[in-house]
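If you're matching positions, the sequence shown starts at -18 in this note's numbering and goes up one per residue.
From the three backbone atoms N, C-alpha and C, an ideal C-beta is built for every residue, glycine too.
Source: prediction; values computed, not measured.
Below: one structure, written as structure tokens.
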Amino acid sequence: MKRVIKAAALAMTGALALTACSSAGGSDDDGQTIGIYGFAVPEAANDAIAAEFEKTDEGKDVKFSGSYGASGEQSRKVADTKGKDVDYVHFSLEGDVTRLVDAGLVAEDWNTGPNKGIVSSSVAVIAVEKGNPLGIKGWEDLTRDDVKVITADPASSGAARWNILALYTHALSLGDDDAKADEYLKDVFSNVTTWAASGREATESFKKGVGNVLITYENEAILAKQKGEELDYIVPDTTFLIENPGAVLEDADPVASDWLEFVLSDKGQTEFVEKGFRPVGGLDISGIEVDGANDPAAPFPAPSKKLYTIEELGGWKAVTAEWFGKDGVKLRFDNLYAEATKQ
């Protein structure tokens, strides 16, 4: 089992355009530049939204610069650099924005709007080899001896934390108490061959055949299929609602607020949908077909039993305090990981 965060994933990766701004809210001779820092998975969707935004009056002559990587690492970089070159952030977890609120870089009321700061949405799914040769049906199969799991690492990745909560709530759905749920999680963790630095790195590892099952975002599986990757995916009977926040920095150019408004508009959300994200804000998707989805005409099925939410577990503040340590503090995940991997 590898639990290694690769240095490459912690470096700035991916750009919306090959431009750069000298400071947050900066501009150049040809117009304004919006600097975006985000987690790795929505880069393609943000590219597509940016192309549409540039066609609007507000987006005319606007350029984009971007950096994508593991959500936690991206958030820490923005905080460490005091928001230099950054106007807008799109992270996997609420806490990665909260870090910037605490640093005085994002307004305290960033999540008080109708969507509570959420700009994109998905669910946790299981990706498998084309044709599903192992016959994987759901989360319960991930403890089998012939299964080699790939997932992101919660030390750096928001995707990993969503994945772990999907596994945990599956155990709860069976009527298990916390002790039995912990045993189930340890059984799955013992089958993990690679803990990748980000959701995107987990996908790349799966493509290389490092394992035969990938826990991932639904949209990441759909995007991989859009790109011609040979895989299938399963929406389990119970799964977890993934909600990704976006926020404009306090010192951002005013055009960044126009950008956020466009991201949440029907046009912006349509671009998310076409890249495999579930919409936020009530967009009617009945006329949209999503290439790469199991059923392009009905791309986002409800799980047959239950879709869990972070609110049901007490919210991210409570979940983080129980599950995910920092600065050397080991909490529930680290303890379960240690027990699952001890020789």
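Of the residues assessed, G85 falls on the exposed side of the cut-off, its CB having fewer than 16 other CB atoms within 10 angstroms. In this structure, Y289 and T184 do not form a Cβ contact; the two beta carbons are roughly 23 angstroms apart against a cut-off of 8 angstroms. K298 carries a helical assignment under DSSP once its states are collapsed to helix, strand and coil. For the 7 angstroms CB-CB criterion, P284 and I99 do not form a contact. Annotation: F281 is outside any alpha helix (DSSP H) and is labelled neither H nor E by DSSP. In its chain, beyond the 5 residues on either side, A21, V22 have a beta carbon closer than 7 angstroms to the beta carbon of R181. Taking the CA atoms as reference points, E35 sits about 49 angstroms from D168. Note: D213 is bridge-paired with V109 in the DSSP secondary-structure output. In this structure, DSSP gives E185 a helical state, which the three-state scheme calls helix. In the same chain as N113, and ignoring 5 residues on each side of it, the C-beta atoms closer than 8 angstroms to its own belong to D213, I215, in chain order. In the three-state reduction of the DSSP assignment, G16 falls in the strand class.
Per the coordinates, the alpha-carbon of W176 lies some 16 angstroms from the alpha-carbon of G306.
Assignment of S102 by DSSP, reduced to helix, strand and coil, places it in the strand class.
Secondary structure within the region 210 to 263: the beta strand (DSSP E) runs of 3 or more consecutive residues, fully enclosed, are 212 to 215, 219 to 229 (chain order). Within its own chain, the residues whose Cβ lies closer than 7 angstroms to the Cβ of A141, once the five positions on either side in sequence are excluded, are T132, A133, D134, P135, listed in chain order. In the pairwise beta carbon analysis, the region 100 to 109 is classified as touching the region 255 to 271: at least three pairs are separated by under 8 angstroms.
F253 places its beta carbon less than 7 angstroms from that of A26. Remark: C-beta atoms of A88 and E224 do not approach each other more closely than 7 angstroms.
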